[in-house]
Amino acid sequence: MTIRTRIAPSPTGDPHVGTAYIALFNKCLAKQAGGEFILRIEDTDQARSTARSEQKILDSLRWLGLDWDEGPGIGGEYGPYRQSERTEIYRTHVDQLLEQGHAFHCFCTSERLGELRKQQMADKVQPGYDGHCLSLTQQQVSEKLEAGTPQVIRMRIPEEGSCQFTDLLRGDIEIEWKQVDMQILVKADGMPTYHLANVVDDHLMKITHVVRGEEWINSVPKHLLLYKYFGWDAPVMCHMPLLRNPDKSKLSKRKNPTSIVYYERMGFLPEALINYLGMMGWTMPDGEEKFTLAQMIEQFDISRVSLGGPVFDVEKLSWLNARYLREDFTPQQFIQLLADWAFKPEYVESLIPLIQERVEVMSDVVGKGAFFFNGMPEISEASFEHKKLEADQCRKILQFGLWRLEQLDDWDKPSIMEALNQLAGSMELKIRELLFPYFIAIAGTAASTSVLDSMAIIGSDMTYARLRNAVNVLGGVSKKEQKRWDSEYRKLPAQ
Ligand code: GLU
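Numbering that gives the first Met the number 0 puts the first residue of the sequence shown at 0, with every later residue one more than the last.
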């Protein structure tokens, strides 16, 4: 049997180090055995999926050397590899489930479901769909469908007993059917949910081992049941421990940069980042901490993956990166490395005109342009002193702007300008006032090149990281405040 594994990211945000971590272990499992590693884009959530995010995921995985044997950009025997191009396939499969009585139409309104949930909370019972529409007759279903009543399709779940399965790393697991909801398989917009699309694709793409994050363990019963309904053999299931912040909470961008592009722009080497991700749960048989992807593949044995919560610690990663920089490059090679990283013609060409305008002598260039190459600017709370804005206001302006900028589909100056102009309008601030804390967060000083141009040039990932850094310098946002601000932000008038 040829081992076939896959990574199935949803293109809904920045390319996450967690995606690379799971991709790495999938790639090692397949390649160690001479198998294939597949990339599939799970973009059924059309409201949140973007082409920009997909492109960044592809670029980041390639940058890390996690290239795939089949998938977008390459093709393969089992394509298309983008779920939005496979809707016809899901439709025929769900029709089969409906015909065989394994799935049913549900016409419940969101009001009814809301009431049901409230009641279940009050009764302290497990919230979930109560099977209301299962009692409709065939005749009633046909009438409602003909009348165009909004509906979803749900899967049937056994009322009693439990689902037992074996996880490659965790051994036997048992989950009672009572705890499993009658999962929606097709949404009101006709798109499949993750659960249906994922199972159908894993089967049709001949995936033999599903290696993914532990947050999916509770979905396994639904997935195995779908395999059973379709009469297919299920792949081997393997759930990796989630990456954690140094304080052991789930790795989150609020506490740690999580975008792969951020690490690239900070000047981490792909070899070091991949090596470090490998260390999350894996050690070489000889205990050596510095190893290449090829060495990891050669020695890989999934049963040696440890289940302890792996901590993604940027300090440790920096230590490892330093070893690579010191040990693997002669000064001559280092010059080339630096040139390729910092002085890429398109990058330099985009920022030089801005600097050229602002220097008197050429020795001013480094000082004025340093923030285009640096990591976080050296700032403190005092840097945000302003005659009109309080520090707390600056913190809020930055946080609100971060939320708005994170929603942008295109990252260019006009889009950034429009987003921040709108924000200024709805927060009743002059644009010049609103931009002040952005100058500090991005360039470390209000006397710099246009901050809108600067954000466009340093890119979204570095911009987000610097804005988050500035919010933290100003004291961060507590959980309580986050909730309050979030509802305030949502109520801001659209301008
Ligand atoms: N699209 C899912 C994700 O974004 C894939 C989960 C899986 O590997 O089954 O994590």
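For each residue, glycine too, the CB sits at the ideal point set by N, CA and C.
Output yes or no for whether 8 Å exceeds the beta carbon distance between residue i and residue j.
i           : j           : result
residue 216 : residue 183 : no
residue 410 : residue 459 : yes
residue 309 : residue 298 : no
residue 443 : residue 378 : yes
residue 169 : residue 21  : no
residue 48  : residue 9   : yes
residue 181 : residue 130 : yes
residue 451 : residue 412 : yes
residue 257 : residue 104 : no
residue 250 : residue 164 : no
residue 350 : residue 371 : yes
residue 461 : residue 261 : yes
residue 174 : residue 220 : yes
residue 399 : residue 488 : yes
residue 28  : residue 208 : yes
residue 303 : residue 467 : no
residue 295 : residue 288 : no
residue 265 : residue 160 : no
residue 80  : residue 195 : no
residue 120 : residue 167 : no
residue 316 : residue 275 : yes
residue 61  : residue 101 : no
residue 255 : residue 313 : yes
residue 128 : residue 111 : no
residue 343 : residue 357 : no
residue 55  : residue 13  : yes
residue 239 : residue 383 : no
Looking only at its chain, what residues have a beta carbon closer than 6 Å to the beta carbon of residue i, apart from the 5 residues adjacent to it on each side?
i           : result
residue 206 : 3, 5, 234
residue 267 : 320
residue 7   : 39, 41
residue 63  : 19, 269, 273
residue 26  : 36, 65
residue 68  : 35, 36
residue 509 : No information on residue 509 is available, as it lies outside the stretch 0 to 494 that the chain covers here.
Would you give the residue range spanned by the beta strand (DSSP E) that residue i belongs to?
i           : result
residue 161 : 161 to 166
residue 214 : Looking at the DSSP string, residue 214 is not in any beta strand (DSSP E), and its letter there is neither H nor E.
residue 153 : 151 to 154
residue 183 : 183 to 185
residue 174 : 170 to 175
residue 393 : Here residue 393 belongs to no beta strand (DSSP E); instead the alpha helix (DSSP H) covers 390 to 405.
residue 377 : Per DSSP, residue 377 belongs to no beta strand (DSSP E) and is neither H nor E.
residue 35  : 35 to 38
residue 103 : 102 to 105
Going along the chain, which residues of its own chain have a beta-carbon closer than 7 Å to the beta-carbon of residue i, five neighbours each way excluded?
i           : result
residue 418 : 403, 404, 407
residue 11  : 44, 47, 48, 52
residue 151 : 105, 183, 185, 186, 187
residue 57  : 71, 72
residue 305 : 280
residue 214 : 241
residue 32  : 2
residue 337 : none
Establish whether the CB of residue i and some CB of chain D are separated by less than 8 Å.
i           : result
residue 155 : The structure shown contains no chain D; it is built from a single protein chain.
Along the chain, where does the alpha helix (DSSP H) that runs through residue i open and close?
i           : result
residue 338 : 330 to 341
residue 417 : 412 to 425
residue 194 : 193 to 203
residue 88  : 86 to 98
residue 319 : 313 to 326
residue 296 : 292 to 298
residue 484 : 478 to 490
residue 460 : 459 to 472
residue 120 : 109 to 121
residue 353 : 344 to 355
residue 62  : 50 to 62
residue 305 : Careful: residue 305 lies outside any alpha helix (DSSP H) and carries neither H nor E.
residue 438 : 430 to 442
residue 288 : Premise fails: residue 288 is in no alpha helix (DSSP H) and is neither H nor E.
residue 368 : 363 to 368
Who are the Cβ neighbours of residue i in its own chain at under 8 Å, not counting the five residues just before and after it?
i           : result
residue 397 : 436, 437, 440, 466, 469, 470, 473
residue 388 : 396, 432, 435, 436
residue 263 : 59, 62, 269
residue 429 : 423
Contact between the region 312 to 320 and the region 422 to 432: three or more CB pairs below 8 Å? no
Does the region 39 to 55 come close enough to the region 235 to 246 to have 3 or more Cβ pairs within less than 8 Å? no
Say whether the region 190 to 201 touches the region 218 to 233, bearing in mind that this needs 3 or more beta-carbon pairs closer than 8 Å, one atom from each stretch. yes
Only counting runs of 3 or more residues, tell me where the beta strand (DSSP E) segments fall wholly within the region 0 to 24, in order along the chain. 3 to 6
Does the contact criterion of 3 or more C-beta pairs under 8 Å hold for the region 429 to 444 versus the region 389 to 396? yes
So within the region 226 to 270, which uninterrupted alpha helix (DSSP H) runs reach at least 4 residues, ignoring any that extend past its ends? 259 to 265
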